[in-house]
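Comments concern the structure below.
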Amino acid sequence: MAPEVVKREPYGKPVDVWGCGVILFILLSGCLPFYGTKDRLFEAIIKGKYKMNPRQWSHISESAKDLVRRTLMLDPAERITVYEALNHPCLDWIHTSYTHTLSETACAKAQPGNTGCKTGGGEGRHPGRDASPSQGTPSGTRTPDP
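Position 129, counted from 1, in the sequence shown is what UniProt numbering calls 129; the numbers after and before it change by one each time, with no gaps.
So this is what it looks like as structure tokens:
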């Protein structure tokens, strides 16, 4: 819950960025950024009191830490926007790993009778991630060659 929600102030899209920051914090460290009884939890959120314990964070890149910090800025006006977050250097690997955007590959424009996804012919597939079921395990994922 973002500080502005806890304080019952008007809020907008930045609360979603805060929520993503909390999730990112948990995914990277395995720990909650804010915890305690209800009152202590809300106090920690309102004050923005969280700690990146070196035991969990020492192996995390400075770029990833920066993204987390910027998503958990107290002031919604100072908090990173969704656009800025998606273009943060921490996520550069996404932009360089895939040469096509999702709209060009996985999803077609919705038309009557179209589920919105392309199938067959290899269109919209990501090499190494989407193999046909006959090429690997029953789930369709490839197993590495010995």
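Yeah, the Cβ is synthetic: ideal placement off N, Cα and C, and Gly gets one too.
Report the three-state DSSP secondary structure of residue i (helix, strand or coil).
| i | result |
| --- | --- |
| Lys49 | coil |
| Phe34 | coil |
| His95 | helix |
| Pro10 | coil |
| Arg79 | coil |
| Leu24 | helix |
| Leu74 | coil |
| Ala2 | coil |
Alpha carbon to alpha carbon, how far is residue j from residue i? Give it in angstroms, no decimals.
| i | j | result |
| --- | --- | --- |
| Arg55 | Lys49 | 18 Å |
| Phe34 | Glu43 | 9 Å |
| Pro14 | Trp57 | 25 Å |
| Gly36 | Asn87 | 33 Å |
| Glu4 | Arg79 | 12 Å |
| Arg40 | Val6 | 12 Å |
| Leu74 | Val22 | 13 Å |
| Asp38 | Ala2 | For the record, residue 38 in the displayed sequence is Lys; it is not Asp. Between Lys38 and Ala2, the C-alpha separation is close to 14 Å. |
| Ile45 | Lys51 | 12 Å |
| Leu67 | Leu24 | 9 Å |
| Ala85 | Ala77 | 14 Å |
| Thr83 | Cys90 | Correcting the residue identity first, residue 83 is Tyr in this sequence and not Thr. Straight-line Cα distance between these residues: approximately 13 Å. |
| Arg8 | Asp92 | 36 Å |
| Ser29 | Pro10 | 30 Å |
Can you give me the start and stop residues for the alpha helix (DSSP H) that residue i sits inside?
| i | result |
| --- | --- |
| Ala64 | Glu62 to Thr71 |
| Pro54 | Pro54 to Trp57 |
Using 6 Å as the cut-off, classify the Cβ of residue i as near or not near the heavy atoms of the ligand SAM, replying yes or no.
| i | result |
| --- | --- |
| Arg70 | Here there are no bound small molecules, and the ligand SAM is not part of this structure. |
I'd like to know if the segment 55–69 and the segment 8–19 are in contact, where contact means that at least 3 CB-CB pairs between them fall below 8 Å. no
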